[in-house]
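Peer 1:
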Amino acid sequence: MANNDNIAEIISAAQKAIDQVQASLAESEEFLRNQGIDPQKMREHTSGQLTDEQRAQAEADYRADVAAIEQEVEQAKLRQSFQAPAGRTGFKPSRNMI
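Anchor point for the sequence shown: position 42 equals 42 in UniProt numbering, and the numbering is continuous, going up by one each time.
#1: In this structure, how does DSSP classify asparagine 6 when only helix, strand and coil are distinguished?
#2: Does DSSP put lysine 16 in a helix, in a strand, or in coil?
#3: Between alanine 64 and aspartate 5, what straight-line distance do the alpha-carbon atoms span, to the nearest angstrom?
#4: Grab the span of the alpha helix (DSSP H) containing glutamine 83 for me, first residue to last.
#5: Since alanine 60 and leucine 50 are thought to touch, with beta carbons under 8 Å apart, how far apart are those beta carbons, to the nearest angstrom?
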């Protein structure tokens with residue numbers, strides 16, 4: 001029974017990875033369309049220029065850069081959330097001078 005659970009976990013992890021890759025591909029195609037570039041033409045143009053190893057390395061570098069940027073953004077958000085707001089003094093009535 002434990003073996004079946006392990007297999008189910010492996011299948012589940014594989015499905016999550018597939019879903020993540022498909023979502024990533026959809027995001028990149030949407031980005032290209034937003035930039036006015038036809039994704040199919042881009043694939044045709046770049047298909048012969050990189051080997052599979054180079055393409056994998058470029059993708060890994062890109063993912064690392066995106067992860068670093070997201071981490072920096074999260075750290076900046078945390079720093080801002082812990083900063084004390086500027087002190088407010090409220091209304092002070094004017095004093096009569098003699």
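Each residue gets a CB set at the ideal place from its N, CA and C atoms; glycine is no exception.
Peer 2: Looking at the atomic coordinates:
#1: In the sequence shown, counting from the first residue as 1, residue 6 sits at position 6. DSSP places asparagine 6 in helix when its eight states are reduced to three.
#2: Sequence index remark: in the sequence shown, residue 16 carries index 16 (1-based). Note: lysine 16 maps to helix in three-state DSSP.
#3: Position 64 of the sequence shown holds residue 64. Position 5 of the sequence shown holds residue 5. Taking the Cα positions, alanine 64 is about 32 Å away from aspartate 5.
#4: Taking the sequence shown and counting its residues from 1, the one referred to as residue 83 is at position 83. No alpha helix (DSSP H) contains glutamine 83, which DSSP labels as neither H nor E.
#5: The sequence position of residue 60 within the sequence shown is 60, counting from 1. The sequence position of residue 50 within the sequence shown is 50, counting from 1. Actually they do not touch by this definition, with Cβ atoms about 13 Å apart.
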